[in-house]
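Okay, so here's the structure we're looking at.
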Amino acid sequence: VRCLTAHDGNYGSPSVSPDGSLVAFIGSPDSRTYPQNARVGILPVDADGATHDEIRWVSTGLDRTFQSTNGSRSPVWESDDTMLAVTEDRGDTHLHRLAVDGVTAPTPLTDGPLTVTGFDAAGCTLATTRTTAGRPSELYVGDERRTDVGEAIARRSLGWEKFTTTTADGTDEIDAWIMRPADFDASERYPVLLNVHGGPHTQYGEYYFDEFQMQAAAGFVVVLGNPRGSSGRHAGWGQAIMGPDHPTAPGTGWGTVDVDDVLAIIDAALVRYEFCDPDRVGMLGGSYGGYMATWLAGHHGERFRAFCSERAVNNATSMEWSSDIATGFSAFHGGTHLDLPDEYVRISPIGAVRDIEAPMLIIHSDEDWRCPISQAEELWVALKLLGKDVDYYRFPAENHELSRSGSPVHRVQRAEIILDWFTAKLAPR
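Here our numbering is used: the first residue of the sequence shown is 5, the next is one more, and so on.
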């Protein structure tokens, strides 16, 4: 057993070339810095502890991450000279061809508003699975669709539309989307649910997502976007909210420009789409999105009628010793809670719990090791002691993946809880 790479980065998803001389992989060169746009690298199979400077990074011609939110896999070799990999781009996820020499920029093989969720190649045949906002993944051979798994769903029109807005500091565009409710009537005004994704280095975009479908089917306008800290953009976009004391890529920290961008998204939607009722806006998110829910409730609660904070980070300090990736947050914030105690306190939403006035729904799982159950308990107990309007649902025998791969009965219960709760809280005054 021999380690091909040095312990100076994050390297994984290996794939050996057809002639057996090279190994391609996906990774990033500095394990002290997260997030980074994951790259595709190449090494000889007889390498011995190669550092990131000795790796041939063949994807540097495209400053996007090659580790997809939806269905990332190892590079696929087409020949000894080229390989395939997917990359995220402003809500899309496309398949690219990369040259082993690393000189030629990656070439896109798919285009349009879609997400490639899987791919493979053999001989002269290229197969992919692709999803869109209105259709679950279907199998394609070349550009020909060969399955109709989601045909019944695709016949329903839910008024999906992409829009952009400007960051508060005027430096860039923010990608955002809106989904109109079922049985949409342009003359009516509807309650709005603003969604913030987890990660934060992931992206929302052009793929089928049951969360948005169920919210729209229940009569809500669905608004979402990719604030700074998300993936799918240049490296600086994802690293904008790294800690101000980070040694290699300082940013402004959590709870700064990411919050500005989330507020810019909902403000733009309320101005542009008259069917959105500005008096009936709720906000929800899980994991980092749950962090954002608790943060907004404590710092900008007057902008929303109700919040759902799910599997959230509420106290960054205690996360640093209780999470299953404890001490890993130092790569984001620039140091541990022992090195930067004031910054960990500043970014913790629990610090503003006395200022939470809007109704709060808390959802968490007993066996969540990523954001342990204590994160929910701390928020719940504080809100109850302060006499706030709060409901708390704690799911047994579930983990951080409840909403995605939990037991079917619990997933249905969770959906009903969220939809019924927001229907009540966002009712017309």
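Beta carbons are placed, not taken as given, at the ideal position from N, Cα and C, and that holds for glycine.
- Roughly how many angstroms lie between the CA atoms of Lys388 and Met87, to the nearest whole one? Each residue's Cα considered, the two are about 56 Å apart.
- Query: Does the beta-carbon of Thr121 have 16 or more other beta-carbons within 10 angstroms, so that it is buried, or is it exposed?
  - Reply: By the 10 Å Cβ count, Thr121 comes out buried.
- Interface flag, Val413 vs chain D, CB-CB below 8 Å: Absence of chain D from the displayed structure is noted, only one protein chain being present.
- Express the C-alpha separation of Ser291 and Thr175 in angstroms, rounding to a whole number. For Thr175 and Ser291, the gap between their C-alpha atoms comes out near 27 Å.
- Distance, Cα to Cα, Ile157 vs Gly65? Cα atoms of Ile157 and Gly65: separation of roughly 38 Å, rounded to the nearest angstrom.
- Name the one or two DSSP bridge partners that Ser3 has. Nothing about residue 3 can be reported from this structure: the residues present for the chain run from 5 to 433 only.
- Consult DSSP for Arg237 and reduce its assignment to one of helix, strand or coil. Three-state DSSP puts Arg237 in coil, outside helix and strand.
- Message: Taking DSSP's pairing of strands, which residues face His368 in a bridge?
- Response: DSSP output for His368 lists Arg398 as bridge partner(s).
- Residue of Ser141, Thr91, Ser78, Pro248 minimising C-alpha distance to Ala125: For Ala125, the nearest C-alpha among the options comes from Ser78.
- Task: Taking all protein chains shown into account, decide if His341 is buried (16 or more other Cβ within 10 angstroms of its Cβ) or exposed.
- Result: His341 should be labelled buried.
- Item | Cβ shell of Val1 (< 6 Å), same chain only, five flanking positions each side left out | In the structure as shown, the chain starts at 5 and stops at 433, and residue 1 therefore has no counterpart that could be examined.
- Task: With a cut-off of 8 Å on the beta carbons, I'd call Ala239 and Gln71 a contact; round off their distance for me.
- Result: With 8 Å as the limit, Ala239 and Gln71 do not qualify as a contact, their Cβ atoms being about 13 Å apart.
- Query: If we ignore side chains and look at the alpha-carbon of each, how far apart do Ile182 and Val266 end up?
  - Reply: Cα to Cα, Ile182 sits roughly 14 Å from Val266.
- Message: Can you confirm whether the region 210 to 229 touches the region 183 to 194 when touching is taken to mean that 3 or more C-beta pairs between the two stretches lie within less than 8 Å?
- Response: By the Cβ rule, the region 183 to 194 counts as touching the region 210 to 229, because three or more pairs are nearer than 8 Å.
- Message: What does the alpha-carbon distance come out to for the pair Arg358 and Leu390?
- Response: When rounded, the distance between both Cα atoms is 7 Å.
- Report the three-state DSSP secondary structure of His303 (helix, strand or coil). It is helical.
- Task: Can you check DSSP and say which residues form a bridge with Pro48?
- Result: Looking at the DSSP assignment, Pro48 forms a beta bridge with Leu26.
- Item | Every unbroken beta strand (DSSP E) inside the region 164 to 231 [3 residues or more] | Taking only runs of at least 3 residues, the beta strand (DSSP E) segments lying wholly in the region 164 to 231 are 164 to 170, 177 to 183, 194 to 200, 225 to 229.
- Message: Strictly by DSSP, which residues pair up with Asp93?
- Response: According to DSSP, which records beta bridges pairwise, Asp93 is partnered with Asp96.
- Query: What residue from Ala244, Val385, Val225, Gly286 has the CA that sits closest to Trp164's CA?
  - Reply: Ranked by Cα distance from Trp164, the first of Ala244, Val385, Val225, Gly286 is Val225.
- Query: Among Gly286, Glu381, His368, Tyr397, which one has its Cα closest to the Cα of Ala362?
  - Reply: The option with the nearest alpha carbon to Ala362 is Gly286.
- Closest by CA to Arg309, which one among Ala401, Val62, Leu365? Per the C-alpha coordinates, the member of Ala401, Val62, Leu365 positioned closest to Arg309 is Leu365.
- What are the boundary residues of the beta strand (DSSP E) that includes Tyr38? Here Tyr38 belongs to no beta strand (DSSP E), and DSSP marks it neither H nor E.
- Item | As assigned by DSSP and simplified to three states, the class of Ser411 | The answer is coil: DSSP assigns Ser411 none of H, G, I, E or B.
- Excluding the 5 residues preceding and the 5 following Thr135 in the sequence, name in chain order all residues of the same chain whose CB lies nearer than 6 Å to its CB. Taking C-beta separations shorter than 6 Å and ignoring five residues to either side along the sequence, the partners of Thr135 in its chain run Thr119, Thr121, Ser141, Tyr211, Tyr212, following chain order.
- Nearest neighbour of Leu197, chosen from Gly338, Asp283, Asp115, Asp189 [CA to CA]: Here the closest residue by C-alpha is Asp283.
- Assuming Gly289 and Asn199 form a contact by the criterion Cβ under 8 Å, report the distance between their Cβ atoms to the nearest whole angstrom. Contact between Gly289 and Asn199 holds: CB atoms are separated by about 6 Å, below the 8 Å threshold.
- Task: Return the CA-CA distance between Thr427 and Gly410, expressed in angstroms with no decimal places.
- Result: Straight-line Cα distance between these residues: approximately 24 Å.
- Quick one: Cα of His303 to Cα of Asp96, how far? Each residue's alpha carbon lies about 32 Å from the other.
- From the DSSP output, in three-state form, read off Glu86 for me. The sequence shown places Thr at residue 86, not Glu. Three-state DSSP puts Thr86 in a strand.
- Task: Put Glu314 into one of helix, strand or coil per three-state DSSP.
- Result: Three-state DSSP puts Glu314 in a strand.
- Under a three-way DSSP split, which group does Gly242 fall into? Helix at Gly242.
- Within the same chain, show all residues whose beta-carbon is closer than 7 Å to that of Thr298, passing over the 5 residues directly before and after it, in chain order. Excluding sequence neighbours, Thr298 sits near Ser313, Ala316, Asn318, Pro353, Leu383.
- Query: Leu423 and Ala273: beta carbons closer than 8 Å?
  - Reply: No, they are not a contact pair.
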